[in-house]
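In what follows, a structure is listed as structure tokens, so that the remarks can point back to it.
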Amino acid sequence: MNFTISKSAFYNSLSLVSKAISSTSPLPALTGVKIDIFEDRLVLTGASSEFSIRHDLFVDHEINHLKIYETGQILMDARNLSEIVRKLDSNTLSMETVDGLMVRITGNLAIFTLNSMVVDGYPRIDFSKPE
Numbered sequence: 001m002n003f004t005i006s007k008s009a010f011y012n013s014l015s016l017v018s019k020a021i022s023s024t025s026p027l028p029a030l031t032g033v034k035i036d037i038f039e040d041r042l043v044l045t046g047a048s049s050e051f052s053i054r055h056d057l058f059v060d061h062e063i064n065h066l067k068i069y070e071t072g073q074i075l076m077d078a079r080n081l082s083e084i085v086r087k088l089d090s091n092t093l094s095m096e097t098v099d100g101l102m103v104r105i106t107g108n109l110a111i112f113t114l115n116s117m118v119v120d121g122y123p124r125i126d127f128s129k130p131e
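FYI, in this note's numbering the residues of the sequence shown are 1 to 131.
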């Protein structure tokens, strides 16, 4: 997984999905934000035992400045990720996986390397519209 994006677009999306995330969930995976990276978009998902929020950021939307270099998915602690993104000293940020569960987040002079969580522990959520 490897992408760059506008810091403000990513932070706004992260803030939105974080509203569904509880820091005291009995399931450790539900304290995280799931990030799915496809060729044409980035999907952030936040969930609790009560409700879920999904937000898509598309490559062709010029405000996002989203460039995807490698697809994949990760599960990050929502609170830590939000704090790091908020404090970054740049207009864009880059995220990439290094050595499996490690994620490197960079912006101008700042470089953070964080542990991610195992994505398999995240529940499958059906966001399809009912017929």
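Just so you know, even glycine gets a beta-carbon here, dropped at the ideal spot from N, CA and C.
Exclusion of the five residues before and after Lys19 leaves Gly46 and Ile53 as the residues of its chain whose Cβ lies within less than 8 angstroms of its Cβ. By the CB criterion at 8 angstroms, Ile111 and Leu93 fall outside the cutoff.
Cβ-Cβ separation between Ile35 and Gln73: approximately 6 angstroms, consistent with a contact (criterion under 8 angstroms).
Within the model, the alpha-carbon separation for His61 versus Ser8 is close to 14 angstroms. Cβ-Cβ distances below 7 angstroms link Arg86 to Tyr11 in the same chain, with the five nearest sequence neighbours on each side left out; the list follows chain order.
Contact annotation: Leu16 and Arg41 have beta-carbon atoms that are not nearer than 8 angstroms. Contact between Leu30 and Ser48 holds, since their C-beta atoms are separated by about 6 angstroms, short of 8 angstroms. Excluding residues up to 5 positions away in sequence, Asn2 and Arg104 lie with their Cβ nearer than 6 angstroms to the Cβ of Glu96 in the same chain.
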